[in-house]
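Enquirer: Quick one: the structure is below, and I'll ask about it shortly.
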Amino acid sequence: MSELYEELKDLLAQEKGAAMATVVRGPEHVGAKLLVLPGKKTGGTLGNETLDAIVLEDAERAIWNGEAGTHTYTVESETGALPFDVFIEGFPPPPTLIIVGAGHIAIPLTTFAK
Numbered sequence: 073m074s075e076l077y078e079e080l081k082d083l084l085a086q087e088k089g090a091a092m093a094t095v096v097r098g099p100e101h102v103g104a105k106l107l108v109l110p111g112k113k114t115g116g117t118l119g120n121e122t123l124d125a126i127v128l129e130d131a132e133r134a135i136w137n138g139e140a141g142t143h144t145y146t147v148e149s150e151t152g153a154l155p156f157d158v159f160i161e162g163f164p165p166p167p168t169l170i171i172v173g174a175g176h177i178a179i180p181l182t183t184f185a186k
């Protein structure tokens, strides 16, 4: 699990977006984590392939809007419906500022933007 945190730390240092999903309530795998990268690339697992797939959509959205919150999902199994609460925290990449022109304001603007 600590590998996921190291990977998240590296992504944030590279100014790349990511989301971390954690099972906070459910019949199994409480505490399991899934790291989601843009393009629905993943690391880790929530302990259930179906749950991993369902969470991807909300996690992808959280990457870009930076939202954090708990989502409830239901996974069908042989024994019936299994409810899971998953906390998803998005870490968006920093915004990009494009300065066009080389006027007298460009240099102070770039200094201020940093």
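The sequence shown begins at 73 in my numbering and counts up by one. For glycine and all other residues, C-beta sits at the position ideal for the given N, C-alpha and C.
Is the number of C-beta pairs between the region 74 to 86 and the region 119 to 134 that are closer than 8 Å three or more?
Expert: No, because fewer than three Cβ pairs between the region 74 to 86 and the region 119 to 134 fall closer than 8 Å, the two stretches do not touch.
Enquirer: I'd like the ranges of any alpha helix (DSSP H) spanning at least 4 consecutive residues and lying wholly in the region 107 to 145.
Expert: Fully enclosed alpha helix (DSSP H) runs of 4 or longer: 121 to 137.
Enquirer: Return helix, strand or coil for residue 148, following the three-state DSSP convention.
Expert: DSSP places residue 148 in strand when its eight states are reduced to three.
Enquirer: What first and last residue would you give for the alpha helix (DSSP H) that runs through residue 85?
Expert: Residues 74 to 85.
Enquirer: Please report how far the alpha carbon of residue 107 lies from the alpha carbon of residue 184, in whole angstroms.
Expert: In a straight line, the C-alpha of residue 107 is about 33 Å away from that of residue 184.
Enquirer: For residue 181, is the classification buried or exposed, using 16 other Cβ atoms within 10 angstroms of its Cβ as the cut-off for buried?
Expert: With fewer than 16 other Cβ atoms within 10 Å, it is exposed.
Enquirer: To the nearest angstrom, how far is the alpha carbon of residue 94 from that of residue 110?
Expert: Approximately 18 Å between the Cα atoms of the pair.
Enquirer: Going by beta carbon distance, what residues of the same chain come within less than 8 Å of residue 119, once the five residues before and after it are set aside?
Expert: The residues are 95, 100, 101, 104.
Enquirer: Can you find the residues in the same chain that come closer than 8 Å, C-beta to C-beta, to residue 80, ignoring five residues on each side of it along the sequence?
Expert: 90, 92, 107, 163.
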